[in-house]
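The structure appears right after this line, and notes come after that.
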Ligand code: FA5
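In UniProt numbering, the protein residues as written are 8 to 344.
Here's what the structure looks like:
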């Protein structure tokens with residue numbers, strides 16, 4: 008019986024089989040328990056002999072089972088470890104890295120250029136009131152120039168800002184009539200424009216504002232020239248064209264030379280050699296007064312530039328829609344920008 012039990016212990020392949028051996032030989036209905044139970048029927052001489060023998064067999068089987076159990080468990084842990092081990096000599100899986108969006112890169116570069124000229128960065132809300140988007144900029148409700156910027160309205164008083172100029176009024180108010188004020192403000196703007204290669208219904212602008220005593224048009228020109236040279240390099244030029252904005256007087260539009268065409272068949276500049284990137288001018292006295300500045304003591308200039316247009320000129324991008332269609336092949340080209 009003992010030999011048979013020990014053989015089965017040796018053969019057991021897993022803990023479950025071992026458990027079956029335990030039940031079969033040492034369990035309540037097993038042969039050893041049966042022998043011990045039948046001790047009463049034996050003679051007085053037989054009893055200690057048989058009892059001792061039965062106990063010895065039981066202890067031997069028990070210890071064999073325990074030893075085997077430990078061996079099986081160790082083997083199971085080892086097998087698991089072997090399966091989970093990491094081969095450190097395998098080559099790594101390459102991680103795909105992203106790229107900064109070209110518009111983010113341009114905003115940061117423009118910010119850097121103007122920080123160097125003493126400007127700081129301000130922010131304003133994308134959902135704007137009619138007052139800040141239009142009225143505080145000398146565009147009363149019936150003003151025809153409101154049509155220049157077809158708007159997305161939520162209510163009569165609330166709209167998606169059509170330009171970053173409302174931040175001019177918001178910032179000047181905070182200064183309570185005391186200059187200098189010298190900020191730029193990047194942000195998203197929204198217009199009901201039809202999308203084409205150079206127009207988008209949502210785009211980005213960077214507003215600039217400088218209010219102080221004796222600020223002149225020549226200061227505006229100097230700042231914009233310094234910016235254009237640092238941003239585009241010395242081979243690009245700028246030109247100022249007279250223009251109209253209700254919040255500046257005089258007003259100008261500023262073009263940068265296209266640089267990516269010879270004038271023939273260019274979608275970016277429509278063969279003119281120039282692309283308009285910003286509107287600017289001397290702040291209208293009424294706008295200064297409405298925002299709490301004495302227009303006899305203070306003067307200032309402001310400008311608003313289109314970030315996509317800057318990016319298109321800088322990186323020779325021929326369609327504004329590339330910025331918003333999330334084609335990774337387009338974005339991946341800006342890894343080193
Ligand atoms: C304005 O938005 C004025 N607030 C700018 C300004 C600020 C003038 C301060 C004076 C003083 P305008 O509508 O021209 O002006 O837009 C400014 C620039 O935004 C344009 O020169 C152009 O670069 C860009 N822009 C305008 N419309 C679009 C459009 N639909 N898609 C992409 N860029 C546009």
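All C-beta atoms, glycine included, are put in the ideal place defined by N, C-alpha and C.
Pairwise C-alpha distance: residue j and residue i
i	j	result
residue 133	residue 166	8 Å
residue 52	residue 22	40 Å
residue 59	residue 69	15 Å
residue 227	residue 98	57 Å
residue 190	residue 127	5 Å
residue 299	residue 181	9 Å
residue 243	residue 319	14 Å
residue 231	residue 94	59 Å
residue 316	residue 293	30 Å
residue 253	residue 105	42 Å
residue 314	residue 96	48 Å
residue 304	residue 272	50 Å
residue 247	residue 301	28 Å
residue 291	residue 135	21 Å
Identity of the residues DSSP links to residue i by a beta bridge
i	result
residue 195	211
residue 289	308
residue 313	212
residue 262	246, 283
residue 154	Residue 154 is not bridged to any residue.
residue 165	136
residue 219	306
residue 188	218
residue 128	191
residue 252	255
residue 160	166
Burial state of residue i (16 or more Cβ within 10 Å)
i	result
residue 176	buried
residue 306	buried
residue 80	exposed
residue 194	buried
residue 172	buried
residue 169	buried
residue 30	exposed
residue 345	Residue 345 falls outside the range modelled here, since the chain spans only 8 to 344, and no answer is possible.
residue 54	exposed
residue 261	buried
residue 2	An answer regarding residue 2 cannot be provided, because it is not within the stretch 8 to 344 covered by the chain.
residue 88	exposed
residue 46	exposed
residue 139	buried
residue 101	exposed
residue 56	exposed
residue 335	exposed
is_contact[residue i, chain B] using C-beta, thresh 8 Å
i	result
residue 250	Among the chains of the structure shown, chain B does not appear; only one protein chain is present.
Do the stretch 142 to 156 and the stretch 211 to 224 make contact, defined as three or more Cβ pairs closer than 8 Å?
-> In short, these stretches do not touch, since the Cβ pair count stays below three.
Counting Cβ pairs closer than 8 Å, one from the stretch 119 to 131 and one from the stretch 158 to 165, do we hit at least three?
-> The stretch 119 to 131 is not in contact with the stretch 158 to 165.
Count the C-beta pairs between the stretch 230 to 243 and the stretch 105 to 123 that are closer than 8 Å, then say yes if the count reaches three, no if not.
-> Contact between the stretch 230 to 243 and the stretch 105 to 123 is established, with three or more Cβ pairs separated by less than 8 Å.
Count the C-beta pairs between the stretch 322 to 340 and the stretch 194 to 206 that are closer than 8 Å, then say yes if the count reaches three, no if not.
-> Yes: the two stretches touch, three or more of their Cβ pairs being nearer than 8 Å.
Check whether the stretch 307 to 320 touches the stretch 280 to 296, taking contact to mean three or more Cβ pairs, one atom from each stretch, closer than 8 Å.
-> Judged by Cβ distances under 8 Å, the stretch 307 to 320 makes contact with the stretch 280 to 296, as three or more pairs qualify.
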